[in-house]
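In order, the protein sequence lines correspond to chains A and B. Letter 110 of the first sequence, counting from 1, is numbered 110 in the numbering used here, and no numbers are missing. Positions in the second sequence are counted from 1; adding 1000 to them yields the numbering used here. Beta carbons: idealized from backbone N, C-alpha and C, even for Gly. Quantities reported herein were computed from a predicted structural model and do not represent experimental measurements. Written out below as structure tokens is the structure these notes cover.
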Amino acid sequence: DAGVTQSPTHLIKTRGQQVTLRCSPKSGHDTVSWYQQALGQGPQFIFQYYEEEERQRGNFPDRFSGHQFPNYSSELNVNALLLGDSALYLCASIGGDRGRPTDTQYFGPGTRLTVL
Amino acid sequence: AQSVAQPEDQVNVAEGNPLTVKCTYSVSGNPYLFWYVQYPNRGLQFLLKYITGDNLVKGSYGFEAEFNKSQTSFHLKKPSALVSDSALYFCAVRDKGFQKLVFGTGTRLLVSP
């Protein structure tokens, strides 16, 4: 158990709707990254949050946005859902127990999003 | 841009036999390399990493990986496979800028009894 939690576990939406996914990092971790894993593919980096700001972004449209709260938890928002947004969304937690960054990213169990 | 390649979609091995899952990388500087395992309907579990030092890295569940700079490879190995090792394995390289991980396409390992 990596200590990273995500909610909800599963979600079904229809095209055009909006969705919010949530992630709580491991205790003591201050950086959160989000990844999208389409069926049969490796995870693709969406963006990373540190100190409540987006620090790096992958090749995803502006429909994908996020937020980090003072307690380091994070949300991923996707607007105007498309069928192609159906995927497993993974959150990764980064950071040492004393706040120093480490090289290992610990992943949560993911949220399975289905867009109909 | 940094990238990794996993040339095998699937690897089949009998229980008790050694296993190897292949990974090659392409980076502009020193590579930071990782292996993760994914079981059905689960997130990614960290197995091991290479940052610097000894070319043979030992990780969780008896897995190890050999870093070979001349061949730009980071193959995952285990001396004796278990049926429970059957899963999807991902190799990844870290972007030195901000901890972004770039993943390969994954290799499915099937261990038969």
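Cβ closer than 7 Å: which chain A residues qualify as neighbours of residue i?
i	result
B/Thr1105	Gln41, Gly42
Starting from the beta carbon of residue i, find every residue of chain E whose beta carbon is closer than 9 Å, and list them in chain order.
i	result
A/Gly110	Given the protein chain composition of this structure (A and B), no chain E is represented.
Report the option in the options whose CA atom is closest to the CA atom of residue i.
i	options	result
A/Gly108	A/Ser33, A/Gln17, A/Arg15	A/Ser33
A/Ser74	A/Tyr35, A/Gly40, A/Val115, A/Ala80	A/Tyr35
B/Ala1005	B/Pro1040, B/Val1027, B/Leu1082	B/Val1027
B/Gly1104	B/Glu1066, B/Leu1056, B/Gln1038	B/Gln1038
B/Ala1092	B/Gly1043, B/Ala1014, B/Tyr1025	B/Tyr1025
B/Lys1100	B/Asp1009, B/Phe1034, B/Gln1010, B/Gly1016	B/Phe1034
A/Ile46	A/Leu90, A/Gly3, A/Leu116, A/Thr9	A/Leu90
A/Gly3	B/Gly1043, B/Pro1018, B/Thr1020, B/Gly1029	B/Gly1043
B/Ser1070	B/Glu1064, B/Asn1055, B/Gln1002	B/Asn1055
A/Leu116	A/Ala92, A/Gly95, A/Ala87, A/Ile94	A/Ala87
A/Ser93	A/Ala38, A/Gln48, A/Leu113, A/Leu76	A/Gln48
B/Leu1088	B/Thr1107, B/Arg1094, B/Val1102	B/Thr1107
A/Thr31	A/Asp62, A/Gln37, A/Lys13, A/Gly66	A/Gly66
A/Glu53	A/Phe60, A/Pro61, A/Tyr72	A/Tyr72
A/Pro61	A/Thr14, A/Arg55, A/Asp85	A/Asp85
Which residues in chain B sit within 7 Å of residue i, going by Cβ to Cβ distance?
i	result
A/Thr104	Phe1046, Lys1049
A/Phe107	Gly1043, Leu1044
Give the interface partners of residue i over in chain B, defined as CB-CB distance under 8 Å, in chain order.
i	result
A/Thr31	Gln1099
Could you tell me the distance, in whole angstroms, from the CA atom of residue i to the CA atom of residue j?
i	j	result
A/Gln105	B/Leu1110	26 Å
B/His1075	A/Gln41	19 Å
B/Pro1079	B/Gly1016	8 Å
A/Arg98	A/His29	Because A/Arg98 sits at a pLDDT of 43, beneath the cut-off of 50, its placement in the model cannot be relied upon, and the point is left open.
A/Phe64	B/Pro1018	43 Å
B/Ser1084	B/Phe1046	16 Å
B/Asp1009	B/Val1021	10 Å
A/Gly16	A/Leu83	9 Å
B/Pro1040	A/Glu51	33 Å
B/Lys1077	B/Ile1051	18 Å
B/Asp1095	B/Val1057	20 Å
A/Leu81	A/Asn59	17 Å
Counting only Cβ pairs nearer than 9 Å, list the residues of chain A close to residue i.
i	result
B/Phe1090	Gly42, Pro43
Mind reading off the beta-carbon distance from residue i to residue j? Whole number of angstroms is fine, and I expect it under 8 Å.
i	j	result
B/Phe1090	B/Tyr1032	Contact doesn't hold; Cβ gap of about 15 Å is too wide.
B/Leu1048	B/Gly1059	3 Å
B/Ser1112	B/Asn1012	7 Å
A/Thr111	A/Pro8	6 Å
A/Thr20	A/Asn77	5 Å
A/Leu113	A/Leu39	In fact, because the Cβ distance is near 12 Å, the residues do not count as touching under 8 Å.
B/Cys1023	B/Ser1086	Not quite, the Cβ-Cβ distance comes to about 18 Å (not below 8 Å), so this is no contact.
A/Gln37	A/Asn79	About 20 Å; that fails the 8 Å criterion.
Which residues of chain B have a Cβ atom closer than 9 Å to the Cβ of residue i, listed in chain order?
i	result
A/Ile12	Near A/Ile12 there are no residues of chain B at all, since even the closest Cβ is about 16 Å away, more than 9 Å.
A/Leu90	Gly1043, Leu1044
Can you name the residues of chain A whose CB is closer than 8 Å to the CB of residue i?
i	result
B/Tyr1032	Asp103
Does the distance between the C-beta of residue i and the nearest non-hydrogen atom of the ligand FMN fall short of 7 Å?
i	result
B/Gln1006	The ligand FMN is absent from the structure shown, which contains no ligand whatsoever.
Exercise for the section: Please go through the segment 34-81 of chain A and give each complete beta strand (DSSP E) segment of 3 or more residues, from N-terminal end onward. Expected result: Qualifying beta strand (DSSP E) stretches, in chain order: 44-50, 53-57, 64-68, 74-78.
Exercise for the section: Could I get the ranges of all uninterrupted beta strand (DSSP E) runs contained in the segment 1022-1081 of chain B, with 3 residues as the minimum, in chain order? Expected result: The segment 1022-1081 of chain B contains these whole beta strand (DSSP E) runs: 1024-1026, 1033-1038, 1044-1050, 1056-1058, 1064-1068, 1073-1078.
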